[in-house]
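Reviewing the structure listed below.
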Amino acid sequence: MASSQSTPTKVGILSLGDMGAGIARLLTAHGIPVSTNCTGRSEDTVERARNANVELLSSDLELVRQCSVILSVVPPRDAEATAQRIVDALLSGGSREETLYFVDLNAVAPSTCKSIVTLFEKARVPVKFIDACILGGPPTPKKSGQGGKDLEWYQPSIPVSGPHSLSPLPDGEKLASVLQLRSISPEIGAASGLKMCFASVTKGFTALVTQSFTTAHRLGVVGELKRELGLAVPAHLAGAEKGVPGMPPKAYRWVREMEEISKTFHEEGGWDRTVFEGIAGVYRAVADDGVLGREKIGNRSRGTSLDDVAALMAEGLEGKKKKTE
Numbered sequence: 005m006a007s008s009q010s011t012p013t014k015v016g017i018l019s020l021g022d023m024g025a026g027i028a029r030l031l032t033a034h035g036i037p038v039s040t041n042c043t044g045r046s047e048d049t050v051e052r053a054r055n056a057n058v059e060l061l062s063s064d065l066e067l068v069r070q071c072s073v074i075l076s077v078v079p080p081r082d083a084e085a086t087a088q089r090i091v092d093a094l095l096s097g098g099s100r101e102e103t104l105y106f107v108d109l110n111a112v113a114p115s116t117c118k119s120i121v122t123l124f125e126k127a128r129v130p131v132k133f134i135d136a137c138i139l140g141g142p143p144t145p146k147k148s149g150q151g152g153k154d155l156e157w158y159q160p161s162i163p164v165s166g167p168h169s170l171s172p173l174p175d176g177e178k179l180a181s182v183l184q185l186r187s188i189s190p191e192i193g194a195a196s197g198l199k200m201c202f203a204s205v206t207k208g209f210t211a212l213v214t215q216s217f218t219t220a221h222r223l224g225v226v227g228e229l230k231r232e233l234g235l236a237v238p239a240h241l242a243g244a245e246k247g248v249p250g251m252p253p254k255a256y257r258w259v260r261e262m263e264e265i266s267k268t269f270h271e272e273g274g275w276d277r278t279v280f281e282g283i284a285g286v287y288r289a290v291a292d293d294g295v296l297g298r299e300k301i302g303n304r305s306r307g308t309s310l311d312d313v314a315a316l317m318a319e320g321l322e323g324k325k326k327k328t329e
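As structure tokens, this is what we get:
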């Protein structure tokens, strides 16, 4: 019988954005092989894959043939399409003797998550689905140096839910331990729902302070707003100064995430959709801005401070207003 050391579980990740690359680096640092399919992706994505020691495969077919686990880490708008890619690969010749574990880590509503499960069920492919979510930033080493296995890592929280776990895999317990997966419910939708509730607070706050400081800039009272927040609620000011500058490169992804939150709060909580549809509009405005919308993670030039984001948004919105008058 082959040992898990001689045949370690290979993990496929779709795709290698900032979060996916961080997870890949964490796994490879702990001796867990990672593969991806970057066909048709940007050179930035390919470079991230190489830097994370990820094996580049030529197709989704090769991915499902070689990997026992697929981690889906994509913008919310691509979650269902990514699952469909795996279905198509399995149906087109990626048949396998063992079950494939599909871990959906995307920021989607419980109902969207359940619709993804339905894709696999209708196709009758050998997939065990795990609902999961990521709460926090990408995994990063806390200390510099070689051989990340022995380093301490910052890791996001990854709650999971549903009837399945990775434990049946030869080294599934190791994989779950490295990722620090934590089961919170046997029900599909619990983990994705938790993500929606969590992100509504964190990213909802970022949208509100973006609107607030943009308006304060137009009024010429940014300094006074900072002073009063610093005196009354300093933690809010600190959160704004940290959260808003990091947001512009992610704004395009957060549009759909806010729509998924709106969907969740309406379907699961009984609330009207308007609040988070409005917040989606805030991030759409940032993503559409001629300056901030071009910002990329790891290659920043503008919007690197709360004040600069506010100034650029004030200028951009004023320009749009004049065009419509």
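Going by our numbering, the residue at position 249 of the sequence shown is 253; the numbering climbs one at a time, nothing skipped.
Idealized CB from N, CA, C, for every residue including glycine.
In this text the structure is predicted, and so the values were computed from the model without any measurement.
* Would DSSP call ILE138 helix, strand or coil? -> Within the sequence shown, the letter at position 134 stands for residue 138. Residue state, collapsed to three classes: coil.
* **Supposed contact pair LYS126 and THR103 - C-beta distance, whole angstroms, cut 8 Å** => Reading the sequence shown from its first residue, position 99 is the one you call residue 103. Reading the sequence shown from its first residue, position 122 is the one you call residue 126. Cβ atoms of THR103 and LYS126 stay farther apart than 8 Å, at about 17 Å.
* To do: Output the distance between the C-alpha atoms of ASP25 and LYS14, rounded to the nearest integer angstrom.
  => For the purposes of this step, residue 25 is identified with residue 21 of the sequence shown, where counting begins at 1. For the purposes of this step, residue 14 is identified with residue 10 of the sequence shown, where counting begins at 1. First, the residue type needs correcting, since residue 25 is Ala and not Asp in the sequence shown. Distance between the alpha carbons of ALA25 and LYS14 is about 15 Å.
* Asked: Quick one, are the C-beta atoms of GLY115 and GLU271 less than 9 Å apart?
  -> The residue you call residue 115 lines up with position 111 of the sequence shown. The residue you call residue 271 lines up with position 267 of the sequence shown. Residue 115 is actually Ser in this sequence, not Gly. Result yes, Cβ atoms of SER115 and GLU271 sit closer than 9 Å.
* Leaving aside the five residues before and after LEU233 along the sequence, list all residues of the same chain whose C-beta is less than 7 Å from its C-beta, in chain order. => Here the question's residue 233 lines up with position 229 in the sequence shown. For LEU233, where only same-chain residues beyond five positions count, the Cβ hits under 7 Å are HIS240, LEU241.
* Asked: What is the rounded straight-line gap between the Cα of ARG164 and the Cα of SER189?
  -> Within the sequence shown, numbered from 1, the residue matching residue 164 stands at position 160. Within the sequence shown, numbered from 1, the residue matching residue 189 stands at position 185. Note on residue identity: the sequence assigns Val, not Arg, to residue 164. Roughly 7 Å separates the two Cα atoms.
* At least three beta-carbon pairs within less than 8 Å, the stretch 206–220 to the stretch 307–320 -> Under the three-pair Cβ rule at 8 Å, the stretch 206–220 counts as touching the stretch 307–320.
* Segment contact flag, the stretch 133–147 with the stretch 192–210, C-beta cutoff 8 Å, min 3 pairs -> As far as the Cβ criterion goes, the stretch 133–147 touches the stretch 192–210, which means the pair count is three or higher.
* Asked: From ASN57 to LEU198, what distance separates their C-alpha atoms?
  -> Numbered from its first residue, the sequence shown carries residue 57 at position 53. Numbered from its first residue, the sequence shown carries residue 198 at position 194. So the alpha carbons of these two residues sit roughly 31 Å apart.
* Asked: Nearest to LYS254 by alpha carbon, out of GLY302, ARG54, THR32, GLY166?
  -> Position 250 of the sequence shown holds residue 254. When each option's Cα is compared against that of LYS254, the closest is GLY302.
* Is there contact between the stretch 72–83 and the stretch 107–124, where contact requires at least three CB pairs shorter than 8 Å? -> yes
* Between the stretch 167–174 and the stretch 43–57, do three or more beta carbon pairs fall short of 8 Å? -> Note that the stretch 167–174 does not touch the stretch 43–57; fewer than 3 beta-carbon pairs, one per stretch, sit closer than 8 Å.
* To do: List the DSSP bridge partners of LYS207.
  => Looking up residue 207 in the sequence shown gives position 203. Per DSSP, none; premise fails for LYS207.
* To do: Leaving aside the five residues before and after SER309 along the sequence, list all residues of the same chain whose C-beta is less than 7 Å from its C-beta, in chain order.
  => Numbered from 1 along the sequence shown, position 305 holds the residue referred to as residue 309. Answer for SER309: PRO249, listed in chain order.
* Does the distance from the C-beta atom of LEU173 to that of SER39 stay below 9 Å? -> The residue you call residue 173 lines up with position 169 of the sequence shown. The residue you call residue 39 lines up with position 35 of the sequence shown. Their beta carbons are not under 9 Å apart, which means LEU173 does not touch SER39 by this criterion.
* So, helix, strand or coil for GLU191, using DSSP? -> As a position in the sequence shown, residue 191 is number 187, starting the count at 1. Secondary structure at GLU191: coil, using DSSP grouped into helix, strand and coil.
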